[in-house]
Amino acid sequence: HRVAFVGSGAWACAAAKLAGENSRRSDLFEDQVAMWVYEEEVEGRPLAELINERKENVKYLPGVPLEGVRCTSSLAEAVEGATAIVVCAPHEFVHGIMNQLQGRVASDAIAISLTKGMRIRPEGPQLISELVRRKLGVDCSVLMGANIASEIGAGQLSEGTIGYKVLSNALVFKQLFQTDAFNITMVPDVEGAEMCGTLKNVVALAAGFSDGLGMGSNTKAAIIRQGLAEMRRLSKKMFPCVRDETFLESCGVADLVASCYGGRNRRVAEAFARAGGEKSMEALAGELLGGQKLQGALTANEVHQVLESNGWTDDFPLFTTVWKIVNGLADVQSITSFMANQH
């Protein structure tokens, strides 16, 4: 397989590190992994050029070596001849990227999405894996889980979950990513795994608000419990095929816990609460994330559109409270108000 990454942020680079190492050890893959890098300048030079020269992404994942990875700012060049496509770009940009890729990907290629989020359309929400599947005409699995990029890049023990529809394709991607320090389990539940990866960012904001207000472990535990319950309930309302067991995998409870104690959404939400509303979440993200995207606030708005259009807002008090805080309709102190709806 010729492997191509579509995206070059922190998580994409952490995954590309694993893929680059494994591709050189396995006859299943060509030795070099291609990576599309969004065209931007760092230190006065194109970022793709810098990564190729220094063998690391100096902006989004500095200090993590990228051996066996060749970067280009040309999307067409990155995917040329590729038979294993890895999609790992901010979810709000994937639709436009897939439009550019239509007709450029071989019909026998396979894909996997590492992107967490959903696309909101007038006719209803669409998961990123389904978007890739429809636009490119290829099977698309997902890799989700407790995947804080800097920790994976440092070689710390981590886990992931591949959700699949075609087992043989999932096994290819398992060989591409699994290492002694990165263990992968597989579930025949693309929708469940992907919904977990999408919704946990909203709960992570709630956990960050709690931290910023100086609340303790009991409060955060209540937020995580309620968040997991709402994640499961909404996933099954939207996709009745979702399996309960998926929420006990790395893509479910493990990713939720990791995101509520680490991760960028929690960090920005904590800073927002500490600032007492004097700074917007967008401004704080710009200060704290070094150019990375804040997915939680966008996802909170997208989730609310789904809830409101279906008349479900009262059934999801934590998601609704986070949406209100993010949009200035409620004070951050109201983050625990979801408890009032439990009685």
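In the numbering used here, each number is its position in the sequence shown, counted from 1, plus 1302. Idealized CB from N, CA, C, for every residue including glycine.
*Using 10 angstroms around the beta-carbon of Gln1528, count the other beta-carbons present and answer buried if the total reaches 16, otherwise exposed.*
Residue numbering aside, residue 1528 sits at position 226 when the sequence shown is read from its first letter. By the neighbour-count rule (16 or more Cβ atoms within 10 Å), Gln1528 is buried.
*asked:* On the DSSP bridge list, what partners appear for Gly1462?
replied: In the sequence shown, residue 1462 corresponds to position 160, counting from 1. For Gly1462, which the question treats as bridged, DSSP gives the partners Ile1486.
*Kindly list the residues whose CB is nearer than 7 Å to the CB of Ala1378, restricted to its own chain and excluding five residues on each side of it in sequence; keep chain order.*
Indexing the sequence shown from 1 puts residue 1378 at position 76. So the list reads Arg1406, once near-sequence residues are dropped.
*Which word fits Cys1553, buried or exposed, when buried means at least 16 other C-beta atoms lie within 10 angstroms of its C-beta?*
Numbered from its first residue, the sequence shown carries residue 1553 at position 251. The residue is buried, with at least 16 neighbouring Cβ atoms inside 10 Å.
*Does the separation of the CB atoms of Leu1556 and Ala1448 fall below 8 Å?*
Translated into positions along the sequence shown, residue 1556 becomes position 254. Translated into positions along the sequence shown, residue 1448 becomes position 146. The amino acid occupying residue 1556 in the given sequence is Ala; Leu does not appear at that position. Their beta carbons are under 8 Å apart, which means Ala1556 touches Ala1448 by this criterion.
*Closest by C-alpha distance to Gln1597, when choosing among Glu1432, Leu1558, Gly1419*: Taking the first residue of the sequence shown as position 1, residue 1597 is located at position 295. Of the listed residues, the one whose Cα sits closest to Gln1597 is Gly1419.
_Can you give me the C-alpha to C-alpha distance between Phe1541 and Arg1347, rounded to a whole angstrom?_
Position 239 of the sequence shown holds residue 1541. Position 45 of the sequence shown holds residue 1347. Roughly 45 Å between the two C-alpha positions.
*Ala1456: buried (16+ other C-beta within 10 angstroms of its C-beta) or exposed?*
Walking along the sequence shown from the start, residue 1456 turns up at place 154. Burial call: exposed.
*Nearest-angstrom beta carbon gap, Arg1568 and Ala1509 [assumed within contact, 8 Å]*: Working through the sequence shown from its first residue, we reach residue 1509 at position 207. Working through the sequence shown from its first residue, we reach residue 1568 at position 266. With a contact defined as Cβ atoms closer than 8 Å, Ala1509 and Arg1568 qualify at about 5 Å.
_Taking 8 Å as the threshold (C-beta atoms), are Ala1318 and Leu1368 in contact?_
Here residue 1368 corresponds to residue number 66 of the sequence shown, with the count starting at 1. Here residue 1318 corresponds to residue number 16 of the sequence shown, with the count starting at 1. The answer is yes: Cβ separation under 8 Å.
_Between which residues of its own chain and Asp1441 is the CB-CB distance below 6 Å, once the five residues before and five after are set aside?_
Taking the sequence shown and counting its residues from 1, one reaches residue 1441 at position 139. Closer than 6 Å at Cβ, skipping near neighbours: Ile1412, Val1468, Asn1471.
*asked:* For the beta strand (DSSP E) containing Ile1412, name the first residue and the last one.
replied: The residue labelled residue 1412 in the question sits at position 110 within the sequence shown. Looking at the DSSP string, the run of the beta strand (DSSP E) that includes Ile1412 is 1412 to 1415.
*Where Gly1514 and Ala1575 are concerned, what is the direct C-alpha to C-alpha distance, given to the nearest angstrom?*
Taking the sequence shown and counting its residues from 1, one reaches residue 1514 at position 212. Taking the sequence shown and counting its residues from 1, one reaches residue 1575 at position 273. Each residue's Cα considered, the two are about 5 Å apart.
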